[in-house]
Amino acid sequence: MERFENDDLQYVVDDYYDVNDFNNDGAVVEPEPQRDAAGLESFDSDFEDDIESVMSKPKTDTSAEEARNGKDIQGIPWERLNFTRERYRQTRVRDYKNYENLYGSREEMEKECLQVEKGKAFYDFQFNTRLVKSTIVHFQLRNLLWATSKHDVYLMENYSVMHWSSLLHKGEEVLNVAKPIVPNLKHPGLLSQQLSRVQISTMVVKENLMVAGGFQGELICKYLNQSGAAFCTKLTTDDNAITNAVDVYNNPSGAMRVMAANNDAKIRIFDAETFASINRYSVVCSF
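Residue numbers (our numbering): 39 to 325.
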């Protein structure tokens, strides 16, 4: 499958969130988080220097057997660093300031929340690889990583929607949204249009259908077993047009629907077979 090289394309997310560009290797340069100044900043700086030096030629995968034998599941060689995992975590928990929509004191929250009982295992570690680089340019973007089975993961990598198989340890490109996207479905009344250089803001993969929304109000629908996009359009030209959430669901009669919620305070419903517009709801808030 052809792979379009798009690392050099410029992202438009800066206009929304004041986030820096990607490095050439595809890694995200995130905005500087809020911290208690001197302590954690110098601690993190030392840690980053250490880990860069010891992981310049990393063994990228970690198996369940290696994890049981003491290897860090992220592949971080703590035994070769100046800090233990426990010390680094303690410092980060103490000093790192998480983003909060609503402020609430830790003491008040602890009164309301039940204490978690430790000692049970909900999940068992199986495998980790650092060969797969998921691109999420801002922490408030939702659903850019989907697991449709125990072995199938769909993710964004720059301008490509990728499929990763944990069985084959192999990835393939599902759709490249930097190239011109020409919808396959064409019939009278269908509000489809060609798109290009779409920056994906949200995504859903269900029922053999991948639906993605973009920063400029785009909507793209692609069946996983068919080449190209079945349907794509620009939902709105509003200045604040970002598509914040998409979903695929069955209505009470069993018909499959596509839902898109945008920052123009509207929810739009489409038929998932014909992609005809069915309903549009105005609400008193953005999403």
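C-beta: ideal position from N, C-alpha, C; glycine also.
Which complete beta strand (DSSP E) runs does the region 206-251 hold, if anything under 3 residues is left out?
208-214 and 238-244, all fully within the region 206-251.
Run the CB neighbour count on M241, radius 10 Å, all protein chains shown included, and call it buried at 16 or more, exposed below.
Flag for M241 reads buried.
How about the region 206-220 and the region 233-248: do they share at least three Cβ pairs that are nearer than 8 Å?
By the criterion of at least three beta-carbon pairs nearer than 8 Å, the region 206-220 is in contact with the region 233-248.
Identify, in the order they occur along the chain, each residue of the same chain with its Cβ nearer than 6 Å to the Cβ of M194, setting aside the five sequence neighbours on each side.
Closer than 6 Å at the Cβ level, and outside the excluded window around M194, lie T173, L182 and I238.
Report yes if the C-beta distance between A267 and I258 is below 7 Å; otherwise report no.
Cβ atoms of A267 and I258: closer than 7 Å.
Put A293 into one of helix, strand or coil per three-state DSSP.
Shown here, A293 sits in coil according to DSSP, grouped into three states, outside any helix or strand.
Buried or exposed (CB count within 10 angstroms, at least 16 for buried), T274:
In this structure T274 is buried. Its beta-carbon is surrounded by 16 or more other beta-carbon atoms within 10 angstroms.
Taking the C-alpha atoms as reference points, what is the distance between Y261 and N246?
Approximately 6 Å between the Cα atoms of the pair.
Candidates M147, K188, M200 and R144: closest to L169 by CA position:
Among M147, K188, M200 and R144, the Cα nearest to that of L169 belongs to M200.
So for Y287, helix, strand or coil by DSSP?
Of the three classes helix, strand and coil, the one that applies to Y287 here is strand, per DSSP.
Would you decide whether Q254 is buried or exposed? Buried here means 16 or more other CB atoms lie within 10 Å of its CB.
With 16 or more Cβ atoms within 10 Å of its Cβ, Q254 is classed as buried.
As assigned by DSSP and simplified to three states, the class of V154
Here DSSP, grouped into helix, strand and coil, assigns V154 to coil.
Check this for me: beta carbons of Y192 and V243, under 7 Å apart or not?
Between Y192 and V243, the CB-CB gap stays under 7 Å.
Rank F121, Y141 and L223 by C-alpha distance to the C-alpha of T271 and give the top, closest one.
The shortest Cα separation from T271 among F121, Y141 and L223 belongs to L223.
Considering only the beta carbon of each residue, do M297 and N288 sit closer than 7 Å?
No, Cβ-Cβ distance for M297 and N288 is not below 7 Å.
If the criterion is Cβ atoms closer than 7 Å, does the pair A314 and I305 meet it?
Taking 7 Å as the Cβ cut-off, A314 and I305 do not qualify as a contacting pair.
Could you check what DSSP says for R180 in three-state terms: helix, strand or coil?
Reduced to three states, the DSSP call for R180 is coil.
With R118 as the anchor, note down where its beta strand (DSSP E) starts and where it stops.
Where R118 is concerned, there is no enclosing beta strand (DSSP E), given that its DSSP letter is neither H nor E.
Our contact map puts A283 next to R180 with C-beta atoms below 8 Å; I'd like the distance itself, whole angstroms only.
Confirmed, Cβ separation roughly 6 Å.
Can you look up Y197 in the DSSP assignment and give me helix, strand or coil?
Y197: coil per DSSP, three-state reduction.
In whole angstroms, give me the CA-to-CA distance for E311 and F269.
It is roughly 10 Å from the alpha-carbon of E311 to the alpha-carbon of F269.
Pair within 7 Å by beta-carbon distance, A105 and F163:
Yes, they are a contact pair.
Which same chain residues, not among the five before or five after E70, have their C-beta less than 8 Å away from its C-beta?
Bear in mind that a pLDDT of 43 at E70, under 50, signals an unreliable position, so the model cannot answer this.
Between G113 and N196, which are expected to be in contact by the criterion C-beta below 8 Å, what is the C-beta distance as a whole number of angstroms?
Contact between G113 and N196 is ruled out by a C-beta separation of about 23 Å, above the 8 Å threshold.
Determine, using beta carbons only, whether S203 and H189 come nearer to each other than 7 Å.
In contact: S203 and H189 (Cβ atoms closer than 7 Å).
Pair within 7 Å by beta-carbon distance, R125 and W116:
Their beta carbons are not under 7 Å apart, which means R125 does not touch W116 by this criterion.
Closest Cα partner of G252 within the set N263, Q264, D276 and S265:
That would be D276, whose Cα lies nearest to the Cα of G252.
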